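The opening position of the sequence shown corresponds to residue 131 in our numbering, with each subsequent residue numbered one higher. By construction, the Cβ of each residue, glycine as well, lies at the ideal position given by its N, Cα and C atoms. No experiment lies behind these values; they were computed from the predicted model shown. Take a look at the structure below.
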Amino acid sequence: MASSQVLVAANRGPLSYSLDTDGTLGTRRGGGGLVSGLSAALAEQPEALWICAALSEADREAVRRGVAEPGVRMLDIDPTMYDDAYNGIANSVLWFTHHHLYDIPREPVFDADFRRRWASYVAYNRAFAEALAEEAAPGARVLVQDYHLALVPGALRALRPDLRIAHFTHTPWAAKPFLDVLPDDVREQLLDGMLGADVLGFHTQAWATSFLDAAGRGNVAVFPLGVDAQELRALAHRPEVDDKLAQLRAEVGDLKTIVRVDRTELSKNVLRGLLAYRELLTAHPEWRGRVVHLASAYPSRQDLKVYRDYTQSVRELAAAVNAEFGTEQWQPVLVSVQDDFARSLAAYRMADVALVNPVRDGMNLVAKEVPVVSEAGCVLVLSTGAGAYEELRGDALTVNPYDVTQTAEALHAALAMPDPERAERTKRLAAAATALPPAAWFEAQLSALNT
């Protein structure tokens with residue numbers, strides 16, 4: 131009998147399985163602030179349930195064996211259907227649409243292959259809706275997460291009209307002219323699916339307004355996800371982070387640091403950031419030999435060629451900057467193209483300047499994380515395309531993400547900023563960054579379903 135009073139639906143779950151050579155299944159908790167915050171909040175809810183997709187063969191084997199962790203249900207989605215839905219639609223169509231990333235003379239192309247993938251996306255969302263309908267107690271509250279599951283609210287509403295349903299979009303929402311690129315029937319399915327929710331949550335008012343412009347109606351709300359300061363600082367002072375910090379300090383010495391931490395995601399604007407750093411060294415040669423750019427670029431979605439090519443371009447541009455300006459005593463860019471969270475936290479701690487310059491981003495929590503962890507205070511150079519811009523712009527140096535020269539000059543101003551002003555700005559940025567940490571963010575959405 132359905133008994134869950136609070137349910138979360140997300141593509142990724144709070145844990146994953148591993149399969150040893152002897153067939154033994156092991157579990158590993160999911161990482162990241164959002165998973166931690168949701169897990170902590172759900173722990174306070176009686177009979178709460180997290181429904182997610184089985185992402186690996188080990189996950190699917192766990193489902194087949196009937197292995198289940200308390201409070202988690204994994205769905206064994208056909209791998210081909212999952213790939214069509216996740217990579218073929220969510221990451222190759224909806225992500226590009228909401229982030230305004232299409233190379234319009236060439237993309238998108240909505241042909242028969244697209245229609246096949248869209249059918250998989252519909253079926254993937256239906257699988258989640260059916261599982262939620264099966265598990266939810268009468269009148270339960272359901273929080274559906276992100277663009278992967280945009281059709282779930284409408285499908286679930288048809289199955290269980292008694293439920294209170296919220297959907298939260300972690301990306302931007304496309305401006306109407308960009309959303310209108312989608313085929314008419316697909317766009318209507320997308321909007322109708324979202325409108326099945328009682329509350330539609332977004333990180334910023336700008337993204338909520340974009341949805342209303344497209345849909346013409348809907349109960350939207352703004353929940354700007356923040357940082358759990360206590361947890362983040364604890365993570366940043368673990369022994370392995372201390373070790374990484376010692377290594378970086380040995381490499382950097384007493385030079386100033388410009389830090390960026392991103393996935394090699396097309397919207398993160400890593401290449402223009404490197405171009406701005408190169409222009410800084412060209413226009414302001416006094417910084418040569420006095421500053422190092424610590425760039426952590428986590429490889430992202432490497433199963434898609436456009437992402438592999440972008441990651442390679444990041445490597446090549448960093449190497450070109452080092453070749454142009456580097457000396458035997460000084461390497462201008464220290465780039466890490468690997469998933470190394472400990473190194474990133476160490477870089478946060480020693481940051482003099484944080485560069486966060488996405489062309490378009492739902493929130494970009496890095497802009498909130500660095501001021502919380504930075505030890506000597508840092509200046510935030512923040513683009514107008516970041517979701518965090520609305521909250522942090524008063525104490526950041528803000529830039530047009532496409533304007534390389536403006537970004538270079540902002541980096542110069544940040545490096546030259548007096549220490550007292552830097553410290554005051556950092557203090558105010560940290561306060562704004564921690565206003566709605568993940569657990570409170572989750573509870574705010576649950577509360578909105580009570581009204």
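- With fewer than three CB-CB distances shorter than 8 angstroms, the region 320-334 does not count as touching the region 356-363.
- If the five residues before and after Tyr428 are omitted, its C-beta is found closer than 6 angstroms to the C-beta atoms of Arg393 and Asp469, all from its own chain and listed in chain order.
- Between Leu495 and Val357, the beta carbon gap of about 7 angstroms places them in contact (Cβ cut-off 8 angstroms).
- Exposure of Asn580 is indicated by the presence of fewer than 16 other C-beta atoms within 10 angstroms of its C-beta.
- Rounded to the nearest whole angstrom, the C-alpha separation of Glu458 and Gly419 is 11 angstroms.
- Using a Cβ-Cβ distance cut-off of 8 angstroms, the region 529-543 and the region 398-414 are in contact, since at least three pairs of beta carbons, one from each stretch, lie closer than that value.
- By the criterion of a C-beta distance shorter than 8 angstroms, Val436 is surrounded in its chain by Leu396, once the five residues flanking it on both sides are discounted.
- By the neighbour-count criterion, in which a residue is buried when 16 or more other Cβ atoms sit within 10 angstroms of its Cβ, Phe240 is exposed.
- In this structure Val503 does not touch Val483 by the C-beta definition: roughly 14 angstroms separates them, more than the 8 angstroms allowed.
- Counting only runs of 3 or more residues that sit fully inside the region 200-233, the beta strand (DSSP E) segments are 202-205, in chain order.
- Look at Ser397 here: in three-state DSSP terms it is helix.
- A check of alpha carbon separations from Asn255 across Arg271, Arg236 and Gln275 identifies Gln275 as the nearest.
- Here Ala563 is near Glu499, since their CB atoms are less than 9 angstroms apart.
- When the five nearest sequence neighbours on each side are left out, the beta carbons in the same chain lying within less than 8 angstroms of the beta carbon of Cys182 are those of Ala139, Ala140, Asn141, Arg142, Gly143, Pro144, Val202, Arg203, Met204 and Leu205, in order along the chain.
- Within the same chain, and ignoring the five residues on either side of Met547 in sequence, the residues whose Cβ sits closer than 7 angstroms to its Cβ are Val509.
- Under the three-state reduction of DSSP, Tyr147 is assigned to strand.
- Apart from the 5 residues on each side of it in sequence, Pro283 sits with its Cβ closer than 7 angstroms to the Cβ of Val274, Ile295, His297, Gly323, Met324, Gly326 and Ala327 in its chain, given in chain order.
- Looking at the DSSP output, Ser513 bridges to Val529.
- Beta-bridge pairing by DSSP links Gly323 to no other residue.
- Contact between Glu191 and Leu155 is confirmed by a C-beta separation of about 7 angstroms, below the 8 angstroms threshold.
- Counting the other CB atoms within 10 Å of its CB gives Ser186 a total below 16, which places it among the exposed residues.
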